[in-house]
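Beneath this line is the structure, given in structure tokens, with notes to follow.
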Amino acid sequence: MEASAASSIIRLSVTPPLHFNSNNKPTNQFSPCTHKTVTLRRFNTHTRRTAVAPPRYVTNKIGGGDRCVFPVDKPVIQRPSLDQCTRFSCFHHGRRKRFPICKSTPSAFSDKSIFHLSKHGLDNVFGKRVRVPCAAVGPDEPHAASTSWPEGVLEQQSSDNFMVDSENSQWQELQAFLSAQLPSHPKLFRGQLENGLRYLILPNKVPQNRFEAHMEIHAGSIDEEDDEQGIAHMIEHVAFLGSKKREKLLRTGARSNAYTDFHHTVFHIHSPTSMQDSDEDLLPSVLDALNEIAFYPKFLASRVEKERRAILSELQMMNTIEYRVDCQLLQHLHSENKLSKRFPIGLEEQIKKWDAEKIRKFHERWYFPANATLYIVGDIDNIPAIVHHIEAVFGQKQAEIETPVAPKTSAFGVMANFLVPKFTGGISADSHDKSLQNKIPKKERHAIRPPVEHIWSLPGKHENLKPPQIFQHELLQNFSVNMFCKIPVNKVQTYGDLRNVLMKRIFLSALHFRINSRYKSSSPPFTSIELDHSDSGREGCTVTTLTVTAEPKSWQGAIKVATQEVRRLKEFGVTKGELARYLDALLKDSEQLAAMCDNISSVDNLDFVMESDALGHMVMDHKQSYESLISVAGTITLEEVNFIGAQVLEYISDYGKESAPVPAAIVACVPKKVHVDGVGEVDFKISPSEITAAIQEGLKEPIEPEAEFEVPKDLITSTQVEDLKLQLQPSFVPALHSDAIRSHDIETGITQCRLSNGIAINYKISKTEKCGGVMRLIVGGGRAAETPETKGAVVLGVRTLSEGGRVGNFTREQVELFCVNHLINCSLESTEKFLCMEFRFTTRDNGMRAAFQLLHMVLEHSVWLEDAFDRARQLYLSYYRSIPKSLERSTAHKLMTAMLDEDERFVEPTPHSLQNLTLQTVKDAVMSQFVSDNMEVSIVGDFSEEDIEACVMDYLGTVRPTKGADKALSYNPIMFRPSPNDLHFQQVFLKDTDERACAYIAGPALNRWGYRVDGSDFLESVRNMSVNKDVHPETQEQLVKAENTNFDLQRRSRNHPLFFAIAVGLLAEIINSRLFTEVRDSQGLTYDVSFEINLFDRLNLGWYVISVTSTPSKVHRAVEACKNVLRGLHTKKIAEHELDRAKRTLLMKHDAESKSNAYWLGLIAHLQAASVHRKDISCINDLVMLYGAATIEDVYLAYEQLKIDEQSLYCCIGVAGAQAGDDEVSGSLQEEEEYGGLHGVMPVGRGSHMMTMPTT
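Residue numbers (my numbering): 2 to 1257.
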């Protein structure tokens, strides 16, 4: 991804105690984990197009172990996927991930413990605003934000007020430099056709032989009239899924998707550059498909009705409490314009009315070449040829669009009123039935996008001061308040603009540590404090947000702390030490990104260019960005940093004063009832005047300047290391079952060795991420080692260690600042089978050595604190009490508890279990697993053999040898509930103002290596099975396939330890495709349905899970349809083209991910783990071969290992609504004290769900 002239986001977040990349929630593997990155984001923020766009829906998935996307070990610690907070779009499972190193932030160790049932994290319910602006326009295009302040108002982001001698020659020279234009990206090519279509082309070599083509139509929900709310999203669905040319591309290995937000609709295709078996250039076909989708769609009545059903289902699916909170925040922030009432998903009453002609009229008004921009980024270098293709496809005069046949009356009728919620807490339901039949098509772009006017947060405009707004809902668990300030976007075009952004980053980076160092008690008044300063192309403004979250009982104290600390920073500024520290960290981070500029993926580059263009920022590559930063860094002063930074905070620090900018909005999101110990649930009462009073009281608290902080240069000195080496005499010894000191595989470049203290080492030298490295410590044991007497001890112990953050004699703050200085990001995680620590670091400036020092100190000198234990336990208690407020979590938890016979090791610890634990108990549970003969450390990065082995010997060789692996790896048997029983089908009912429904279907499977829960070995039986050579092909396709079958290769694959994992991974792809076709597309019973296989490496079990969202009236039929697909593979045989497509998909993912250090870290994990004895180097070397050798017969062998009969399959349906459960006899979750569940605290950030979902 390319570097912007300046980052569009400055986000700081504080959670006591503070962890970079902090994750104040137990996460789980029952669904993709979403971790949020907090504090000190790097200067060149390459944010995904996530967030402050139209409400997006995140699908909850359930499962356990590692999701079987690839059959080998996935990284145990998942990186944040910002996608999970973005738009409404077309292929839910097709949207891409950011590669992790570019997203890393310096960090001390944070907890990423996994549970099976979590989707939404605890922090996320607190009103976090996750934003990634995006749009796309050319250099002379109307931008997404006006950069001009109202007449007579000083531009707030400049430092022109600073007192200087304007006659000074040095000052004049500096001003000349600062007013100079920043350099532009040298490879970015822009052009425009005669019909007005803009295009941008950027050659990019990663991934090889693939490219991205995105067509952006500059029209979205903001362009809709009162009776068209949701019609832009409808067009996206109909145009995209109605394209036959797009469908044909899928056979080439291409992926496609689309999304809609406030002011644009984007159709995108990720494609190979040529056909696999020929040299045919695929670019013309891709452009032809985009041309058909954008400008020549066929609005067939059948497709309109099909997509109407899908959107109505989508609308109900996404109407979660987090979506409703998003709506509330945006409605109040933008109450003066259409952004507050034009959410892209639309209104149910209108969606069910439109016919094809109505939709076509909107398309006619806005979908024309002059209102579009085409982006092409990828492994392409012949610019003239690309321009020729663009002209050939899009250059012709647009023909008249054929008038489609009018559709029949909607099949929904009166039932549609029941199918879709009324959005009582979210979208306004007001609508006007106006016809557009006589409207004259609009054939010009808006001058400003989005075409809305804002009321800016300006000093002296107290007539605009609004009282705090309160959104109260029974599904909210915690208190959160957001204070917003809204100003025009300032384009970053000059060195002076860049300098201002750099100074803001330095200034605001201090807040994290300020609060962290001052609040160390076991019960601080806040849960998290976040400060976000972001440009938003989607909203056309820059928004500063202070978000304070807390337990309801402590909300006033939390607000006081936040406002007091903001005022302290504004009044006294940063110290000289802070200036030097954060400037150095930002420059190092930029230097690291510059070193990696040739390894950025095309999609990251494309997203970044679109975002920067939307905001009017100069687009530079990483090297230009770093060089520009270096050139301005030497010009900044402490006084200017504090002057510039203070302006950002004035709306909070000077709240109520005439000189202060008026907040755009203050919005509190609070529960209706709260839990009081010994009493139960009581009403929560709060008023706007009380919120105002708490803010004012916090501003009256006494403040003092910040003292300088001493940051250690080393956590362990070289002298101490040498003393330990003399004492312990570390050395490399032969690995288990080998006589060699080192084992090096030439094909993969992986080296395996073992230290004399028993620690196993795997490393791979990789140049794909220049000057970057990742390291993972895996310790066998995990939650499986918990006993009936120590339920929850491991997961609570890991959280306690993370909360404390101390090692040796160093405080938590010193450790975190050490990580900042060395650009280290560290996380700590517990799973059912392992404990893991993962480090991301730069190999520059002794960054790798610093990471090893931190690992050494954690292993040898970790500190266990009583107050950290109290904080961790309180977190889990709060998390548990939130489960009844989450439909997805409570439904999934009920299913898991039934299937695994109430084994608490696979769910969240209950309050009863937590209260029985002590600090000593959790410490013993964790440290008993941290024994040297139970450790494996894997490292991948850009280092030399000499450097890595020196670090290994110095910092891991000097870990004192300890024994105890056998004890750590022992565990009580894990069993599925005996069948038959009365828990195979269950229901959960949740009282809510709006209706929703979800369901989970699950059943037993094998583990990754073919072991069953009873210990029997599937692979042993497969090895003894003869290859079937007597297959009678029924089609010509099957005949050709049979003739080309290499039976020796097939026999070899069946003898491979990865055979089951490969086969079942292909099976999952095939089932997912069929679920979409049958349940979603043909029957219209759901918007989102998915099948996942969850496998374990060490435990002898696995399971499959089908997740489906629906409406209360359809959910039972959707469940039956899913079961029919699952069981229908015998009646509807798998076809060769289905298998080929599954192979192509998984191989393409493997090829793309193999450029990532993090992916390789997952591949080499467990190579020397005694508890994962089947994994060896062949599991990596033979991966591609195994996919190629897999046959339909192999897939059926894996399919037979899934238990899908009624006595083995478990199902739980969750229904939410005002009358949910009134006619059923069902125990309330709130009555089940032992019903563990810590979810419920969902993401509540403004805009974190403001975007349409994948259409398919």
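Just so you know, even glycine gets a beta-carbon here, dropped at the ideal spot from N, CA and C.
Rounded to whole angstroms, the separation of the alpha carbons of ARG256 and PHE685 is 49 angstroms.
Within the region 914-969, the complete beta strand (DSSP E) segments of 3 residues or longer fall at 936-942, listed in chain order. Remark: C-beta atoms of ILE1165 and ASN847 do not approach each other more closely than 8 angstroms. Only residues of its own chain outside the window of five on either side were considered, and among them THR576 and GLY578 have a CB closer than 7 angstroms to the CB of GLU709, listed in chain order. A contact between stretches requires three or more CB pairs, one per stretch, nearer than 8 angstroms, and the region 1177-1187 fails this requirement with the region 235-250. Taking the C-beta atoms as reference points, LEU915 is found nearer than 8 angstroms to GLY793. Rounded to the nearest whole angstrom, the CA to CA distance from ASN1008 to HIS271 is 33 angstroms.
The C-beta of GLY681 has fewer than 16 other C-beta atoms within 10 Å across all chains shown, which makes the residue exposed. Your pair ILE202 and ILE377 checks out as a contact, with CB atoms roughly 5 angstroms apart and the cut at 8 angstroms. DSSP places GLU531 inside the beta strand (DSSP E), whose first and last residues are 529-537.
In this structure HIS264 does not touch ASN338 by the C-beta definition: roughly 12 angstroms separates them, more than the 8 angstroms allowed.
In this structure, TYR583 sits near ILE507, with a CB-CB distance shorter than 8 angstroms.
For TRP172, the three-state secondary structure derived from DSSP is helix. Counting only residues of its own chain and dropping the five nearest sequence neighbours on each side, ARG1024 has a CB closer than 7 angstroms to the CB of ARG1055 and ASN1056.
Counting every other CB atom within 10 Å of its CB across the protein chains shown gives TRP172 a total below 16, marking it as exposed. VAL633 places its beta carbon less than 8 angstroms from that of TYR496.
If one requires a minimum length of 3 residues, the beta strand (DSSP E) runs lying completely within the region 981-1016 are 986-992 and 997-1006, in chain order. If the five residues before and after ARG755 are omitted, its C-beta is found closer than 8 angstroms to the C-beta atoms of PHE733, VAL734, PRO735, ALA736, LEU737, ALA761, ILE762 and GLN1169, all from its own chain and listed in chain order. Fully contained in the region 835-890 are the following alpha helix (DSSP H) runs of length 4 or more, in chain order: 848-862 and 867-882. If you draw a straight line from the Cα of PHE1060 to the Cα of LEU313, it comes to about 41 angstroms. Under the three-state reduction of DSSP, ASP678 is assigned to coil, being neither helix nor strand. Here HIS823 is buried: its Cβ has 16 or more other Cβ atoms, across all protein chains shown, within 10 Å. Contact check between the region 585-600 and the region 620-632: three or more CB pairs, one atom from each, fall below 8 angstroms, which counts as touching. Closest in C-alpha terms to GLU1194, from the list ASN292, ASP605 and ARG1052, comes ARG1052. Relative to HIS335, the option among PHE842, PRO664 and PHE977 whose CA is nearest is PRO664. Each residue's CA atom was taken as its position, placing VAL1173 and ARG1099 some 6 angstroms apart. The C-beta of LEU466 has fewer than 16 other C-beta atoms within 10 Å across all chains shown, which makes the residue exposed. Across the set LEU984, HIS745, PHE395 and GLU748, the C-alpha of LEU984 shows the shortest separation from the C-alpha of LEU896.
Around the CB of GLU947, fewer than 16 other CB atoms lie within 10 Å, so the residue is classed as exposed. Under the three-pair Cβ rule at 8 angstroms, the region 883-899 does not count as touching the region 832-839.
Just so you know, the alpha carbons of PHE944 and ALA741 end up roughly 23 angstroms apart. For GLU702, the closest C-alpha among the options GLU572, TRP1104, LYS771 and ALA1006 is that of GLU572. Nearest to LYS487 by alpha-carbon distance, out of GLN478, HIS534, PRO526 and ALA869, is HIS534.
Rounded to whole angstroms, the gap between the alpha carbons of LEU1162 and SER939 is 7 angstroms.
For the 8 angstroms CB-CB criterion, GLY541 and ILE449 form a contact. Taking 8 angstroms as the cut-off, the beta carbon of GLN478 is found no closer than this to the beta carbon of ARG997.
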